[in-house]
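One structure is given here, and the rest of the page talks about it.
Chains as they are written, first to last, in the working numbering: chain G, 702 to 811; chain B, 67 to 179.
Below you can see the structure in the form of structure tokens.
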């Protein structure tokens, strides 16, 4: 299996600033690390992912970093907007299934 | 594009009752999943299935049964509802296993009186 720890559970930032969410995992065999965003009343949707052969990936204001040695990965949202307010879940996969973190509730205040 | 349909959207049960949740997908995906979402605990895997008639237990399988009757459908049964239980059950599908994008349904919200 796998255990994924996610922090912080609640995050409030000012519009235009950056937000960072951190996750750690236990199983060194895990090789795929996606991030899902869940808006209120909606289902979770994939926003970005990174595989174990990469250390950094960036797309549309999102940056993910992976430190395999420390078994740690993180999501950084640059220039946050009110539309970024949502629950964010990190996850790790060791071939068969995704194991999710407990989620971060991000609120971007105007 | 495809869609995952979960029924019912809301389910109210009595303590001890057997309850069935249904999920249909038209992505033609091989793998389907049932996750339970509790406030503050993220998504926890109950069962998954990599093909028709296949079943694999997740970390939270105790108290549940599942059935993959055909490729497009995956049902979950709560064998004995627990009093005051409240959770959202999310069905998902992916083309393969593990390192593939999961597509989620809208969820079934369970309340046990």
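C-beta: ideal position from N, C-alpha, C; glycine also.
Among G:706, G:744, G:739, G:745, the one whose alpha carbon lies nearest that of residue 727 (chain G): The candidate whose alpha carbon is nearest that of residue 727 (chain G) is G:706.
DSSP bridge partner residues for residue 735 (chain G) (one or two, in chain order): DSSP lists G:750 as partners of residue 735 (chain G).
Beta-carbon contacts of residue 811 (chain G) that lie in its chain and below 7 Å, excluding the five residues immediately before and after: Closer than 7 Å at the Cβ level, and outside the excluded window around residue 811 (chain G), lie 716, 783.
As assigned by DSSP and simplified to three states, the class of residue 804 (chain G): Residue 804 (chain G) falls in the coil class under three-state DSSP.
Residue 708 (chain G) versus residue 160 (chain B): straight-line alpha-carbon distance, rounded: Their Cα atoms are separated by approximately 27 Å.
8 Å Cβ cutoff met for residue 748 (chain G) and residue 774 (chain G): In this structure, residue 748 (chain G) lies away from residue 774 (chain G), with their beta-carbon atoms at least 8 Å apart.
Reference residue 736 (chain G); option with closest CA among G:756, G:745, G:729, G:791: The candidate whose alpha carbon is nearest that of residue 736 (chain G) is G:791.
Pairwise C-alpha distance: residue 136 (chain B) and residue 720 (chain G): Taking the straight line joining both Cα atoms gives about 43 Å.
Rounded separation between residue 78 (chain B) and residue 172 (chain B) - CA only: Taking the straight line joining both Cα atoms gives about 17 Å.
Below-8 Å beta-carbon distance, residue 775 (chain G) vs any chain B residue: Taking Cβ atoms only, chain B never reaches closer than 8 Å to residue 775 (chain G), which makes this a no.
Cβ-based contacts, 8 Å cut-off: residues of the region 162-179 of chain B near chain G: Those would be 163, 164, 165, 167, 168, 170, 171, 172, 173, in chain order.
Proximal chain G residues relative to residue 114 (chain B), where beta-carbon distance stays under 9 Å: Going along chain G in sequence order, the residues near residue 114 (chain B) (Cβ under 9 Å) are 797, 798.
CB-CB length for residue 82 (chain B) against residue 147 (chain B), believed under 8 Å: Their Cβ separation, rounded to whole angstroms, is 6 Å, which keeps residue 82 (chain B) and residue 147 (chain B) in contact under 8 Å.
Separation of residue 127 (chain B) from residue 745 (chain G), as counted between CA atoms: Cα-Cα distance, rounded: 21 Å.
Whole-angstrom distance between residue 69 (chain B) and residue 223 (chain B), CA atom to CA atom: Nothing can be reported for residue 223 (chain B): it is not among the residues displayed for chain B, which extend from 67 to 179.
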